[in-house]
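These notes concern the structure reproduced below.
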Amino acid sequence: MNDEQFAALRDITFKVNAVLTGHAAKVGLRHCDGKAEYLVTSDQQLVLSDSPGTPDESRLMFAGVHCGKQILRDWYVNTGNEVPVGRLIADGVPRDRWPRPVSLPPEYVAVMTDLYQSLSETWTGERRWSAPDLEAATRAVTDLVGR
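Take any residue in the sequence shown, note its place counting from 1, add 1006, and you have its number in my numbering.
This is the structure in structure tokens:
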């Protein structure tokens, strides 16, 4: 990247963060961190290429409870079911030979479905699934991971 592209990347990233952090606060969430991915087009234009603000790209919390994939990541690590991606890459194992992740227990699927739907409804202000409110959804997460 040249200096101009790097400056543009920095400026866009700060703007994305400000928008996400501001909106999160407006709807009662905390935007702790996140990632923004970029690509450079064939004519050297910088393009924001991912979906910042989603629960898979941003760490969002409600009343101290994670609202995204961190809950799932923790389950895989804490139960010894994590696929050692870093080691597999370092060892040069082709991706088609990586072990398949263990399926989540059904109770996790139900709780995470409610959480993601509730988060979506909270974030957008649109009721699409009649999900539990975010307080109830995060309480279910806390009850589940506290077992």
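Every residue, glycine too, gets a C-beta built ideally from N, C-alpha and C. It should be emphasised that the depicted structure is a prediction, and the values quoted were computed from it without experimental measurement.
Distance between residue j and residue i (C-alpha atoms, nearest Å)
i, j, result
"residue 1026", "residue 1127", "16 Å"
"residue 1132", "residue 1119", "16 Å"
"residue 1099", "residue 1136", "43 Å"
"residue 1034", "residue 1121", "15 Å"
"residue 1139", "residue 1049", "46 Å"
"residue 1108", "residue 1018", "38 Å"
"residue 1085", "residue 1056", "30 Å"
"residue 1155", "residue 1010", "An answer regarding residue 1155 cannot be provided, because it is not within the stretch 1007 to 1153 covered by the chain."
"residue 1130", "residue 1074", "16 Å"
Reduced DSSP secondary structure (H/G/I, E/B, other) of residue i
i, result
"residue 1036", "strand"
"residue 1016", "helix"
"residue 1007", "coil"
"residue 1108", "coil"
"residue 1064", "strand"
"residue 1099", "coil"
Beta-carbon proximity check, residue i vs residue j, cutoff 7 Å
i, j, result
"residue 1022", "residue 1058", "yes"
"residue 1143", "residue 1124", "yes"
"residue 1083", "residue 1148", "no"
"residue 1014", "residue 1052", "yes"
"residue 1029", "residue 1066", "no"
"residue 1091", "residue 1105", "no"
Quick check: the stretch 1069 to 1086 against the stretch 1107 to 1122, are at least 3 beta-carbon pairs closer than 8 Å? yes
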